[in-house]
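Read the structure below first, then the notes.
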Amino acid sequence: LVSVQLASLISAGSITFLTFAQHLYLVPVGLFGATIAQAALPVLSNQKAQNDINQFKKTLLTSFHHILFLVLPLAMVLIILRIPLVRLVFGASPKFDWAATVQTGQAAAALSVGLAAVAVNQLLIRAFYALHDTKTPVAISIVAVLTNIILSVLSVFVWHLPVWGLGMAATVSAI
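In structure tokens form, the structure reads like this:
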């Protein structure tokens, strides 16, 4: 909500650029981060219930590695091929011209730097749930949201960055 409000202050179309960039970068998170984390939750919960901490750690680490193995290359592809991917996915029309493609690509690249962190967070949150600890993820999420708000406000009002500054603020807070 804060990012959208701040994006509206940057330039015309910034909300669209940020939203489109978020759609692109969340695909790997949904495909790999969330699905692997969802699959790992019952296994982790079962291992915790049996007090098999060594197996719990092994499952957590294996799932962690699988997510990174799948998401890191996609993050690199999104960073390197951001402009062709934006053109391929969102097309080129008079309303979505080259400048819009570049702005969306820059925001997608900034967001993609933190793609692995966002994907792995899905797993770590569920690992805490399996340990019956819901307070730690909430506390960390509050710190991340506050960090994102502070950096977003700084990027718009102090550093006067374009829309990719909001993406970088989200990346830093995710990490």
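Residue numbers for the sequence shown follow the working numbering, beginning at 23 and rising by one.
Built from N, CA and C at the ideal position, the CB exists for glycine as well.
Quick one, are the C-beta atoms of residue i and residue j less than 8 Å apart?
i, j, result
"Ser195", "Ala161", "no"
"Thr81", "Ala62", "yes"
"Trp186", "Ala121", "no"
"Ile193", "Ala97", "Before going on, a small fix: residue 193 reads as Thr here, not Ile. No; because the gap between Cβ atoms is not below 8 Å, this pair is not in contact."
"Ile37", "Ala29", "yes"
"Ala191", "Ser163", "no"
"Ile197", "Leu145", "no"
"Leu66", "Ala149", "yes"
"Ile32", "Pro184", "yes"
"Pro159", "Ile172", "no"
"Leu107", "Leu46", "yes"
Buried or exposed, going by whether 16 or more other CB atoms sit within 10 Å of the CB of residue i?
i, result
"Asn170", "buried"
"Gln69", "buried"
"Arg142", "According to the sequence as given, residue 142 is Val; it is not Arg. It is buried - the Cβ of Val142 has at least 16 other Cβ atoms within 10 Å."
"Ala71", "exposed"
"Phe223", "No answer is possible for residue 223: it lies beyond the span of the chain, which begins at 23 and ends at 197."
"Leu176", "exposed"
"Val49", "exposed"
Check the C-beta distance from residue i over to residue j and give it rounded, since I have them as a contact under 8 Å.
i, j, result
"Leu137", "Val51", "7 Å"
"Phe54", "Thr126", "Wrong, their Cβ atoms sit about 22 Å apart, outside the cutoff."
"Ile105", "Thr123", "6 Å"
"Leu100", "Ser134", "4 Å"
Kindly provide the ranges of any alpha helix (DSSP H) runs that are 4 or more residues long and lie completely inside the region 101-153, ordered along the chain. When DSSP assignments are scanned along the region 101-153, the uninterrupted stretches of alpha helix (DSSP H) that are 4 or more residues long and fall wholly within it turn out to be 104-112, 120-134 and 137-152.
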